[in-house]
Amino acid sequence: MNARPNDPNSPELIAQHGLSDEEYGRILEILGRPPNLVELGIFSVMWSEHCSYKSSRHWLKQLPTEAPWVICGPGENAGIVDVGDGMAAVFKIESHNHPSFIEPYQGAATGVGGILRDVFTMGARPVALLNSLRFGAADHPKTRHLIDGVVAGIGGYGNCIGVPTVGGETSFHPAYNGNILVNAMCVGLVPQDEIFYARAAGIGNPVVYVGAKTGRDGIHGATMASAEFNEETEAKRPTVQVGDPFTEKLLLEACLELMQTDAIVAIQDMGAAGLTSSSFEMAARGEVGIEMDLDRVPMRETGMTPYEIMLSESQERMLLVLRAGEEEVARRICAKWGLDCVTVGRVTASGAMVLRWQGEVIGEVPIAPVSGSSPIYQRPREASPRALPIAAQNVPASVDEASALRQLMAGPDLASRRWIWQQYDHQVMADTVLGPGGDAAVVRIHGSKRGLALTTDCTPRYCRADPVQGGMQAVCEAWRNLTAVGATPLAITDCLNFGSPENPRIMGQFTGCLEGMAKACRALDFPVVSGNVSFYNETEGQAILPTPTIGGLGLLPDLDRMARLAYPAAGQPLVLVGESVGWLGCSLYLREICGREEGAPPPIDLAIERRNGDLVRRLIADGLVRTCHDLADGGLWVALAEMALASGIGADLDLPEACESPAAWLFGEDQSRYLLAVEPADLDRVLAAATAAGVIARVVGRTGGDALTLAGANAICLTELTKLHEGWLPSLMSAA
Amino acid sequence: MEPEQAEARLTVRAGVITFPGSNCDRDAAVALAAAGASVTELWHADTELPRLDLIVLPGGFSYGDYLRCGAIAARAPIMAEVVRRAEAGVAVLGICNGFQVLTELGLVPGGLIRNAGLKFICAPVELAVATRRSIFTAGYGTEQPITLPIAHHDGNYVCPADKLARLEDEDRIAFRYVANPNGSTGAIAGVLGPGRNVLGLMPHPERACDPRTGGTDGCLMFQSLIGALG
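As you go down the protein sequences, you meet chains A and B in turn. Just add 1 to wherever you are in the first sequence, counting from 1, and you've got this note's numbering. Just add 38 to wherever you are in the second sequence, counting from 1, and you've got this note's numbering.
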C-alpha cells in the first residue's frame, strides 16, 4: 500500500482495518478527505467480506428467490414464507465458525443468540433451532475439546432461552482440523400482518437502543471473520463475544410485547458490526439519514471511545426507530423486563450518518455509498479438476458386507449423535413432533394440526469432487429429507462456507456450488429466501471442504399424515423408490472401508428427483405410507439399519439375482431414492401408484426378527448393532 | 378429558407464575387449560394473588439461574404470598426450575445440584409412582412405571439422611427414576411437602399431555389435580 502525503492514516493502520489500497482510495473519493479513526472503523466493518458480500454478491444473483409463497426474500434480517392460515415462517441460517474455533462455548452460544435475534427482530416468536457442525478428524487432538465446548454452548444458550433445538447434523473430516464450522439456524412463526421490517422512516423519529449494555467484546469480529486463520489466531480470543441467554430471553419478550403496540417503525438487531451495521442498514433501506449521540449509549465499562462503541459486538442489543412520542411506551415495557431503553438519536433527511460525542460531531459519513456502493469483486476462478467415475467392478471387496455395515454404523460419519442432542432441550414449547435423529424435524404450528418440517444438509465430499453436482445434491438432499416426512418443501436458507475467495480454485468451488444449487432450486420450486456467506475458512493455507449448508423448511398440512423413520411392525414389505445402479464413487463405503477418498459423486437427474419425491409425498398424504427414510450417506443397507434401530425390529434385505457387486447394491449412493415400509395390504396400491407416476419402485425385503439379514443370511443382531452405533461418540468423548 | 366433563365440575382456578427467564410457563398453562382449569398468568413482581386453587412454578431459568438455580426466584416479591397460600393448604406444583425454587423456599426438603454426569440431559425417563396418596398422583397406578421427559442440568436431588428418613416414613416421595439419570439420592424425581399439597418434581408432566408430542402420562397428573380440586 502506498503512503499518501498529507494523510494522517498510515498504510499500516489502513491495512490493520482490512482495507485494500483501492478500497481506501474509494473512501477518500466518497468523503473528499481522509477518514478519521471512527470513520475508518465504520468503513472497515461495513466493507468487510462478512458484511458487504463483496466477493459473492455478483454470483448470488443467480439463485432463484421468488415463489408465490415467498413473503420476503434475501436482504432483510431473515426470509419469510407463507405457511397458511394467516401465519408466516421466518427463518435463517448463519455461520459462527471463527469465533467457535477460538472459544468454542461462547462462539457457538453467541451464534445461536445472533440467529435468534435475526428472527425475532422481524416480529416472529422463535419456535425451533437447528445446527450444522463440521469438526476435524475425530482423533485430532483439538476435536474433543471443540465438540465439548460447541455442544455445551449451543445447549447453554438454546436451553436457557427456551427454544427447542430440534435437529441438525454433525460430521468429521481432517479438512476442518484448523477451522470448524458452526452454522446455526432459527425458525420463527408470526401472523402475516404482524411482520416487522428494518426500514427506518419518519424524519425526526427517535432512534432507540434496547437491551444489554455495550462493552468492549467482539470489536472487529466481522473483520476477523473476513480473514484467514494463522498461528496468531489464539491472540484474537478477545474479539469473541460473550453471550447472556437470560438477557436475550428478556429482550425477546420485551420486543414481542412492544410489537403488540403501534410504537415501532423499524427494528434491527445489533449483530456483526454492532451499532454500525444496524444503524447504517436501517437508514439505507429507508433512504434516510440518522444522527446519534454516542455518549448516550448504555456502556458496561468506563472510558469507552466512540470507535469502540461503534464497533463493539456486545450481544443481546436491538436498535429501533419508534414513532415520535412513543418512547414512553417502550420505556415502560423495557422497564418491566429490566432492560435499558435509551433514545440515542433520530432519523434525519440528510442521507448521512452523523455521530456526536458530548455534543461535538466526531464522524459524518454518507449512508448510501457505505451500504450500497461497497466494492464488488468478480475474482478470478478456476474449475476443479474433473473427478472420474469409478466403476463398481473396480472396487474390490476388502471385507464382507456385514463387517462393512458394522464399521460404517459405528464410525464417525454414521454413529449415533445422541450424546450431542441429549444435551439440547428439544421439547420445550411442547410442540416438537419429531425431534433429532430422523430425516427432518417436525414442529407443530402451535394450536393447529399443521407442522413445519426442518432440516440442514450438505455432503461436502461431493462438493469438493464436483462443485456443481455437490451444490445440486445439497439442495436435493434437503428437499428429500422434508419429503421423507411427508412435508411440502417451501424454501431454503443457505450458509455458504468456503476457503479464501482470493484463491481461484476456491472461487471456482464457490461459483460451481452456486450453479448447482440454482439449478436444483429452480427444478424443485425451492427458492432461497435468506442466507449468509462465510469465506476465509482456512488455516495456514489449508481450506475446508466446500460446504454450502442448506437449511430447508417444509409444511405438513396434516400431522396425522406424516411418515417416520421407525416401522411399526414385523412382516411389512420394504419398497425401494428410485433407481439403483450401484454408484460407489465418492461414497462413504469407498472412503471408510476401502480407504479411497476419490471418484465422481453420484449424478442427479432433477426431473427424476422431483418425480420420485412427489410420488412419495403423495403416498404419505394419501395415508398409504407411514414409514419412510431417504437414502443418503452409506446407501441402502445403512438406511435400512437406521430404520431398524429406530424400530427395534429387524429386517431382511434381498440380494438381486446375479448381483455382481453386493457392495454397490448395499452401499452405493445413487441419488433420489427412498425406502418405505408399507402394510402388506397396501403394497399393490403403492406399487401401482409408482407405475402410474413413472417411478421405479420394487420390493427389496421385509421387516421382522431381531437382526439385520441379507437374503436370510449374514445376521447382525440389533442389540449388537445398537451398542456399536450408540457407543462410538460417548467413548470418543470419555476417552482419557 | 372432554370439555363437557370439565364443565360439569366447578372450574378450578390455576395460576402460573412467570419469572424473568421462565420458559415453560406457556406449556404449563396450555396443559392446565386442556385439563379443564381456568388459568391466570401471574407475574413475579406482584405481591397480591387472586383466589386460586393451584399455583404452578414452571420450568425455565429464572433470573438466568446464574446463582444457585431457583435461589433468586425464591426471594421474588410474589413468593411471600405463595408461601402463605401453601401453608394455608393451596396446592402448589413446582416443575423442574419450579422444584428448585420450592427447595430454596423450604416448602419441600432437600436441594438440587449438578447432574452426576455434569451434562444437561433431555430425554424421556421411566418413573415409578412411589405414592398415590396425594392430589397430584392419585390418578396413577403404582404397578406400571410412567414415562415423562426430563430436561435439566441441575436435577441431582440431595437430602440429608434424617430428612430423607422422614420423607420415607411419611410416604412423601412421589416419584423415583427407574434408571437414575442424574445421580439423585434414592433415585428421587419428585417429593411432597409436609402437608402433601406441595409437589416438586424434575420431570415435565406438561410436556407429556399430547400423544403427538411426548405421550400422555403427564395428563393424568393434571386431570387428577383438577378432579381433586374441582
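Just so you know, even glycine gets a beta-carbon here, dropped at the ideal spot from N, CA and C. All figures in this text were calculated on a predicted structure; none of them were measured in a lab.
query: Same chain only: Cβ atoms within 7 Å of Ala114 of chain B, ignoring 5 sequence neighbours per side; result: Phe57, His82
query: Cβ-Cβ distance between Leu393 of chain A and Leu585 of chain A below 8 Å; result: First, the amino acid is wrong: residue 393 of chain A is Ala here, not Leu. Cβ distance < 8 Å, so Ala393 of chain A and Leu585 of chain A count as in contact.
query: Local Cβ density within 10 Å of Val400 of chain A, reported as buried at 16 or more and exposed below that; result: exposed
query: Lys273 of chain B, DSSP secondary structure in three states; result: This structure gives no information on residue 273 of chain B, because the portion of chain B shown stretches from 39 to 268.
query: Closest residue to Ile110 of chain B among B:Gly59, B:Val229, B:Met259 (Cα-Cα distance); result: B:Gly59
query: Reduced DSSP secondary structure (H/G/I, E/B, other) of Pro490 of chain A; result: strand
query: Meets three-Cβ-pair contact criterion under 8 Å: the region 37 to 45 of chain A and the region 9 to 20 of chain A; result: yes
query: Meets three-Cβ-pair contact criterion under 8 Å: the region 492 to 511 of chain A and the region 535 to 554 of chain A; result: yes
query: Where Ile697 of chain A sits in the DSSP three-state scheme; result: coil
query: Contacts of Val68 of chain B in chain A (Cβ-Cβ under 8 Å); result: Ala431
query: Spatial neighbours of Ala601 of chain A in its chain, beta-carbon cut-off 7 Å, leaving aside the 5 residues before and after; result: Ala388, Leu389, Pro390, Ala466, Asp467, Gly586, Cys587
query: At least 3 beta-carbon pairs within less than 8 Å: the region 564 to 574 of chain A vs the region 697 to 704 of chain A; result: yes
query: Arg34 of chain A versus Ile204 of chain A - alpha carbon distance; result: 28 Å
query: Integer Cβ distance of Leu131 of chain A from Gly555 of chain A, believed to fall under 8 Å; result: Not a contact, Cβ separation roughly 13 Å.
query: Closer than 8 Å to chain C by CB, Val434 of chain A; result: You won't find chain C in this structure, because its protein chains are A and B.
query: Extent of the continuous alpha helix (DSSP H) to which Cys161 of chain A belongs; result: 144 to 162
query: Under the three-state DSSP convention, the category Trp48 of chain A falls into; result: coil
query: Residue range of the unbroken beta strand (DSSP E) whose run includes Met354 of chain A; result: 353 to 358
query: Test: Leu251 of chain A CB closer than 8 Å to a CB of chain B; result: yes
query: Sub-8 Å separation of Asn135 of chain B and Phe158 of chain B beta-carbons; result: no
query: Gly219 of chain A versus A:Cys187, A:Gln261, A:Gly275, A:Asn180, residue with shortest Cα-Cα distance; result: A:Gly275
query: Meets three-Cβ-pair contact criterion under 8 Å: the region 86 to 101 of chain A and the region 186 to 199 of chain A; result: yes
query: Beta-carbon contacts of Ile173 of chain B that lie in its chain and below 8 Å, excluding the five residues immediately before and after; result: Ala129, Arg234, Asn235, Ser262, Leu263, Ala266, Leu267
query: Contacts around Leu14 of chain A, its chain only, beta-carbon distance under 6 Å, and the 5 residues preceding and following it disregarded; result: none
query: Leu1 of chain A: contacting residues in chain B (beta-carbon distance under 7 Å); result: For residue 1 of chain A there is no data in the structure shown, the boundaries of chain A being 2 and 737.
query: Inter-stretch contact at 8 Å, needing at least 3 Cβ pairs: the region 170 to 187 of chain A / the region 101 to 117 of chain A; result: yes
query: Ala659 of chain A and Val396 of chain A closer than 8 Å at C-beta; result: no
query: Close Cβ partners of Ala285 of chain A (< 7 Å) along its chain, the five nearest in sequence each way excluded; result: Ile368, Ala369, Ser372, Gly373
query: Cβ of Cys62 of chain B within 8 Å of any chain A Cβ; result: yes
query: Paired residues, beta bridge with Asp270 of chain A - DSSP; result: A:Met319
query: CB contact check: Gly102 of chain B to chain A, cutoff 8 Å; result: yes
query: Burial state of Leu156 of chain B, where buried means 16 or more other Cβ atoms lie within 10 Å; result: exposed
query: C-beta neighbour in chain A for Pro58 of chain B, strict 8 Å; result: yes
query: Reduced DSSP category for Ser588 of chain A - H, G, I as helix; E, B as strand; rest coil; result: coil
query: Inter-residue Cα distance where the pair is Gly137 of chain A and Tyr177 of chain A; result: 4 Å
query: Where Arg122 of chain B meets chain A, residues with beta-carbon distance less than 7 Å; result: Within 7 Å Cβ-Cβ: nothing; Arg122 of chain B doesn't reach chain A, min ~25 Å.
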